[in-house]
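A.B. asks: Sharing a structure here in structure tokens format.
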Amino acid sequence: MKLIKNSAGRLVPTEVNSQKQIPFKGVNKYKPLGTKAKPPIRTSVDYPENGNKNVRNLKEALKKAGLKNGMTISTHHHLRDGDILTNYLFDIIHEMGIKNIRWFPSASFPVHEHLIKYLEDGTIHHIEGSMNGPLGKFTTEGKMKGTGILRSHGGRYQAVQDGEVHIDIAVIAAPTADSFGNANGVNGKSASGLIGFALVDSEYADKVIVVTDNLVPFPCVPWQIQGNNVDYVVQVDSLGNSSKIVSGTTEVTKSPDRLLIAEYVAQFIDEAGIMKNGFSFQAGSGGTNLAFVLYLKERMKKKGIKARFVRGGSTKYLVQLLEEGLTDYILDGQTFDLEGVRSMRENPNHINTSPFTSYNFHGKGNFASIVDVAVLGATEVDIKFNANVVSHSDGYLLHGIGGWQNCLYSKCSILAVPSFRDRIPVIIDKVTTLCGPGELIDVVITERGIAINPRRKDLIKVMANSSLPIKSIKEIRDEVYSICGKPSKLEIDHNKVVALVKWVDGTVLDSIFKLKKK
Amino acid sequence: MDNKGLKSSTGHRGEKIRSDCYIEIEITKSSGINIELKSKVASLYGAEIKNQISAMCGFFGLRNAKIFLEDYGALPFVIEARFEHAVNNLFPSNEREYLLPYNKNNNYISSKDRLRRSRLYLPGNEPKFFLNAGLHKPDGIILDLEDSVAPLEKDAARLLVRNALRCIDFYGSERMVRINQLPLGLKDLEYIVPNNVHVILIPKCENPDQVIEVNDHVLRIKHENNIKNDIYLMPIIESALGVIKSFKIAAAVKSNCALTIGLEDYTADIGTHRTIEGKESFFARTMVVNAAKASGIQAIDTVFSDIADMEGLKQSVIEAKSLGFEGKGCIHPSQIPIVHKYFEPTPEEIEKAKKIVLAFEDAQSNGYGVISIGSKMIDAPVVKRAQQTIRMAVLNNLLDENWK
């Protein structure tokens, strides 16, 4: 495999899975223009006049869709760790004797450990999506036939539009749908909130199969997925394990150290002057990210400040902000708990968004860059503010990118991270895997200090007299190394790239290499 | 020290264990030191951990042994404590201690009358809580060897607490240890007095002789180890007899810096239980305050044990301050800011105290016998209280030392 150094100084291959790859050229330096992929054009007369697209079962639908060896099948992660459908889908594909599928999920979860046997027997050739938990371990050990590709939610949209990934068959899990294929995620026993991750698939895939466990008479409203893009509708008993689709209730962290970080985040946003009437922020689902919302809320109430919109990952804590009048809108990318689902169903100011509106590099603008401050996590941050979200310092793939890369385009991106986790340093010399270039990361907040990127002279100035422990990132790294020791270099096999990390423009930002067996 | 066939194990293992390790040492006939390492940080620190173990084997004279370490991200000071404990189990007569270097940030000393508004209790055999405790800025951190450590873990906890005192950054907090009830507590002293402790809490004090005994041992160990820093004592009153004898206990030795009270044991001792209202312990608490003040030391209140009830904690601190207490025990870092906030003098108190102190000094320099502010006469006790408020305001960083 031929490797070259990209503009971030990372070794990346020029070709994987028989597809040519473009090395990362710098933030906003590469603009892949031109029409490279087109939605399939159909005629309505080829579809049932009565609008009934019901097919007996999923196997039948896959046959009608023309499933063949080597095809690309897409699924979506709104059922999260409760997803039974995707596992069932590949059971059928395996049973039909089909091989070499490129699986194109919007994310994977530990529940998909079930698919390892299909990666082993050749049913699945490789994954382009996220490789979490057991799938990450499998991939990192070099066991996957093809090379994995990791993309952000926005990058997934871009990849389809740039023709990097042509979806042959999209299988969309719909918590509620009608026989025409209109679908939403807010109703039904498997309600997941929104299902916007499937939007690009519904538009660009050759064949679109909607699978539901709550079939309602036409019209299914709201229709987050439009039936006009759908070929077949399949009814099943159950899409998933509802308690794992959304949690009954999300709780903030109880860890005193994470709470300290969250408190620092809120204080920083306040003192930096970001928290003012009409501002906006993005909050995720991690324990620290939930907790900072609570601290920020106290400060907003005290000063009588109201946000114009908040971007989620929605949870009951964001819903409370909306219902208490502390924000005009929630622009929701993903719903994490039952309160979030209820609010989206009932409150017209709780808006469902998609990677197209929020994150797509090929949009005529997107929401991510409008946001005043995004608070995000990371597995590692280095002294150049480069950050990693997909692998841990032991070299193993563990997480997907999600909307993380896209959110770095906000006016102020804050990484809220512990400085180390159980002797695993987080603030280090050089990230194991580069997922976000340091030039887009403005502030790193840890329990041992807050580092502001030297590029943000404005923030440094405004925070000069803060009572917060502002330090240089090297000081924090030194403190971490003095506690944990300086970590040794990973022993990796540079001859074997197991996965790529794409940047939001489709270029290759970094490679994940196979780990050397000890 | 070789004695083949001997085997011992110690430490913690299991899914929920973090920042700790489990270790087995088996003495073998020959073939040198064999280390098997199972660690979540093997790829980052595997070599360093093996080097550390080899060095300890050398120090303790182990030449042929099979060593198994199951590591959950334990830091070197934890691995050392567990290893030494396993060695001590194999060779009970071992008296050698493998002492790690002092953390250079821990050079600060304490003083008898420093602020002691909050003291955070940490279980002495749970290393995961140690590392970041100081970041929450309690006035004191108590590494507990008594009630939070199971009887079978006392030996292991002593080594861990000793190492923590030497190696962990306490970020300016006072380093405290609660020893076991006597006589067991006297053995604890051997591990903590030479190793950087500031304050020793003596549980279940019922007579001054106990305090004197601890003090004598502390002085002896200090002398033997050439320790120059002051080490203070804080007796804990936890019984009816202790309450009755509280003045003698408080006045027993000059190194007492504070007297405190433990209400769980006390209420059990008098045959009742704790209520939110606290009538049952009012006498005991005011006795402790009076005993402490009569002896010129600080009076520190018990812990507030409901970590979810922040409003209750606030009321409890306001009440404690009004009774004359200067500090309170914390069992969770989230309690610390509230404890600090409500022990502080209020802005109104500070302003009033400033006026009184200025008027007093003005009167003194002009030779006036009687001081007044406006139409109000100010007498000596009022001045004394104002000076105390100013002192607290300065200690709490609410007032510059040179405020005049």
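Respectively, the protein sequence lines represent chains E and U. Numbering-wise, numbering that gives the first Met the number 0 puts 71 at position 72 of the first sequence, and it's gapless, one number per residue. Numbering-wise, numbering that gives the first Met the number 0 puts 304 at position 305 of the second sequence, and it's gapless, one number per residue. Built from N, CA and C at the ideal position, the CB exists for glycine as well. Values in this document were obtained by computation on a predicted structure and should not be read as measured data.
1. Once the 5 residues before and after M0(U) are set aside, which same chain residues still bring their CB inside 7 angstroms of it?
2. Could you say which of A373(E), A197(E), E474(E), R344(E) lies nearest to M274(E) if we only look at CA atoms?
3. Could you please give me the residues that DSSP links to I299(U) through a beta bridge?
4. Just the chain E side, please: which residues come within less than 8 angstroms of S333(U) by C-beta, in chain order?
5. Can you tell me whether R95(U) is buried or exposed? The criterion is at least 16 other CB atoms within 10 Å of its CB, across all chains shown.
6. Suppose the cutoff is 8 angstroms on Cβ atoms and the five residues either side in sequence are ignored; what does the same chain contact list for I115(E) look like?
7. Can you pull out the residues from the stretch 474 to 498 of chain E whose beta carbon lies closer than 8 angstroms to at least one beta carbon of chain U?
8. If we ignore side chains and look at the alpha-carbon of each, how far apart do K227(U) and N214(U) end up?
9. Assign A407(U) to one of two classes, buried (16 or more other C-beta atoms within 10 Å of its C-beta) or exposed (fewer than that).
10. Using a cut-off of 9 angstroms between C-beta atoms, extract the partners of S392(E) located in chain U.
11. I'd like to know if the stretch 202 to 222 of chain E and the stretch 165 to 173 of chain E are in contact, where contact means that at least 3 CB-CB pairs between them fall below 8 angstroms.
12. Looking at the C-beta of E47(U), does it have a partner C-beta in chain E at a distance below 8 angstroms?
13. Between Y101(U) and chain E, is there a C-beta pair that is closer than 8 angstroms?
14. Using beta-carbon positions only, say whether Q297(U) and G326(U) come within less than 8 angstroms of one another.
15. Inspect the beta-carbon positions of I66(U) and I24(U) and report whether they are closer than 8 angstroms.
16. Do you know offhand how far A249(U)'s Cα is from A290(U)'s?
17. In whole angstroms, what separates the C-alpha of T287(E) from that of T248(E)?
18. Does any CB atom of chain E fall closer than 8 angstroms to the CB of Y107(U)?
19. Could you pull the start and end residues of the alpha helix (DSSP H) that A283(U) belongs to?
20. Output needed in chain order: residues of the stretch 443 to 462 of chain E with a Cβ under 9 angstroms from some Cβ in chain U.
21. Can a CB atom of chain E be found closer than 8 angstroms to the CB of H84(U)?
22. Less than 8 angstroms between the beta carbons of V496(E) and V389(E), yes or no?
23. G464(U) touches chain E at which residues, Cβ-Cβ below 7 angstroms?
24. Run down chain E in chain order and give the residues with a C-beta less than 7 angstroms from the C-beta of N131(U).
25. Does chain E have any CB closer than 8 angstroms to the CB of S30(U)?
26. Within 8 angstroms of any Cβ in chain E, is that where the Cβ of M0(U) sits?
27. Going by the CB atoms, is the gap between V199(E) and R155(E) shorter than 8 angstroms?
28. For L88(E), is the classification buried or exposed, using 16 other Cβ atoms within 10 angstroms of its Cβ as the cut-off for buried?
29. Can you tell me whether H349(E) is helix, strand or coil according to DSSP?
30. Decide if the stretch 377 to 396 of chain E is in contact with the stretch 343 to 356 of chain E; the criterion is three or more beta carbon pairs, one per stretch, under 8 angstroms apart.
31. When DSSP labels each residue in this structure, what does K456(E) get in the three-state scheme?
32. For a contact meaning CB atoms closer than 8 angstroms, what does S18(U) contact in chain E?
33. Within its chain, find whatever has a CB closer than 7 angstroms to the CB of F169(U); leave out the 5 residues flanking it on each side and keep chain order.
34. Give the interface partners of L134(U) over in chain E, defined as CB-CB distance under 8 angstroms, in chain order.
35. I need the DSSP call for T211(E), collapsed to helix, strand or coil.
36. Which term fits G128(E), buried or exposed, when burial requires 16 or more other beta carbons within 10 angstroms of its beta carbon?
C.D. replies: The answer reads as follows:
1. Locating residue 0(U) in the second sequence gives position 1, counting from the first residue. Interpretation of M0(U) is limited by its pLDDT of 49, a score under 50 that renders its predicted location unreliable; no figure is taken from the coordinates.
2. Your numbering for residue 274(E) matches position 275 in the first sequence. When only C-alpha atoms are compared, the closest one is A373(E).
3. The sequence position of residue 299(U) within the second sequence is 300, counting from 1. Answer is T259(U), G326(U), bridged to I299(U).
4. Taking the second sequence and counting its residues from 1, one reaches residue 333(U) at position 334. Per Cβ cutoff of 8 angstroms: P255, L258.
5. Residue mapping note: residue 95(U) aligns to position 96 of the second sequence, counting from 1. Classification of R95(U): exposed, given that the 10 Å Cβ count is below 16.
6. One-based indexing of the first sequence puts residue 115(E) at position 116. Cβ neighbours of I115(E) beyond the five flanking positions: P133, L134, F137.
7. I482, C483, G484, P486, S487, L489, E490
8. Residue 227(U) sits at position 228 when you count from the first residue of the second sequence. Residue 214(U) sits at position 215 when you count from the first residue of the second sequence. Cα to Cα, the separation comes out at about 15 angstroms.
9. Since the first residue shown for chain U is 0 and the last is 403, residue 407(U) is missing from the structure and cannot be characterised.
10. The sequence position of residue 392(E) within the first sequence is 393, counting from 1. Residues of chain U passing the Cβ test: V40, S42, L43.
11. yes
12. Taking the second sequence and counting its residues from 1, one reaches residue 47(U) at position 48. Judged by the 8 angstroms Cβ criterion, E47(U) is in contact with chain E.
13. On the second sequence, position 102 is the one that residue 101(U) refers to. For Y101(U), the answer is no, since every Cβ of chain E falls outside 8 angstroms of its Cβ.
14. If you number the second sequence from 1, residue 297(U) lands on position 298. If you number the second sequence from 1, residue 326(U) lands on position 327. Yes, these two residues count as a Cβ contact at 8 angstroms.
15. What you label residue 66(U) is simply residue 67 of the second sequence in a count that begins at 1. What you label residue 24(U) is simply residue 25 of the second sequence in a count that begins at 1. Closer than 8 angstroms, so yes.
16. Residue 249(U) sits at position 250 when you count from the first residue of the second sequence. Residue 290(U) sits at position 291 when you count from the first residue of the second sequence. Rounded to the nearest angstrom, the two C-alpha atoms are 6 angstroms apart.
17. Locating residue 287(E) in the first sequence gives position 288, counting from the first residue. Locating residue 248(E) in the first sequence gives position 249, counting from the first residue. Distance between the alpha carbons of T287(E) and T248(E): 16 angstroms.
18. Residue 107(U) sits at position 108 when you count from the first residue of the second sequence. So no, Y107(U) is outside the interface.
19. Sequence index remark: in the second sequence, residue 283(U) carries index 284 (1-based). Counting along the chain, the alpha helix (DSSP H) containing A283(U) begins and ends at 278 to 293.
20. E446, R447
21. Translated into positions along the second sequence, residue 84(U) becomes position 85. Not one chain E Cβ lies under 8 angstroms of H84(U).
22. What you label residue 496(E) is simply residue 497 of the first sequence in a count that begins at 1. What you label residue 389(E) is simply residue 390 of the first sequence in a count that begins at 1. Going by C-beta atoms, V496(E) is not nearer than 8 angstroms to V389(E).
23. Examination of residue 464(U) is not possible in this model, given that chain U is present from 0 through 403 alone.
24. Residue mapping note: residue 131(U) aligns to position 132 of the second sequence, counting from 1. Near N131(U) (Cβ distances below 7 angstroms), the residues of chain E are D256, E446.
25. Translated into the one-based positions of the second sequence, residue 30(U) becomes position 31. False, the Cβ-Cβ gap to chain E never drops below 8 angstroms.
26. Residue mapping note: residue 0(U) aligns to position 1 of the second sequence, counting from 1. Legend: pLDDT at M0(U) = 49, less than 50; position of this residue unreliable, value from coordinates given subsequently. So, not an interface residue.
27. For the purposes of this step, residue 155(E) is taken as the residue at position 156 of the first sequence. For the purposes of this step, residue 199(E) is taken as the residue at position 200 of the first sequence. Going by C-beta atoms, R155(E) is nearer than 8 angstroms to V199(E).
28. Taking the first residue of the first sequence as position 1, residue 88(E) is located at position 89. That one is buried.
29. Locating residue 349(E) in the first sequence gives position 350, counting from the first residue. It is a strand residue.
30. no
31. For the purposes of this step, residue 456(E) is identified with residue 457 of the first sequence, where counting begins at 1. It is helical.
32. Position 19 of the second sequence, counted from the start, is the residue given in the question as residue 18(U). Those within 8 angstroms of S18(U) in chain E are D421, R422.
33. Residue 169(U) sits at position 170 when you count from the first residue of the second sequence. N105, G133, I140, listed in sequence order.
34. As a working mapping, residue 134(U) is identified with position 135 in the second sequence. Under the 8 angstroms cutoff, chain E gives D256, L259, E446, R447.
35. Numbered from 1 along the first sequence, position 212 holds the residue referred to as residue 211(E). Looking at T211(E) - three-state DSSP - the assignment turns out to be strand.
36. Locating residue 128(E) in the first sequence gives position 129, where the first residue counts as 1. Buried, because 16 or more other Cβ atoms sit within 10 Å of the Cβ of G128(E).
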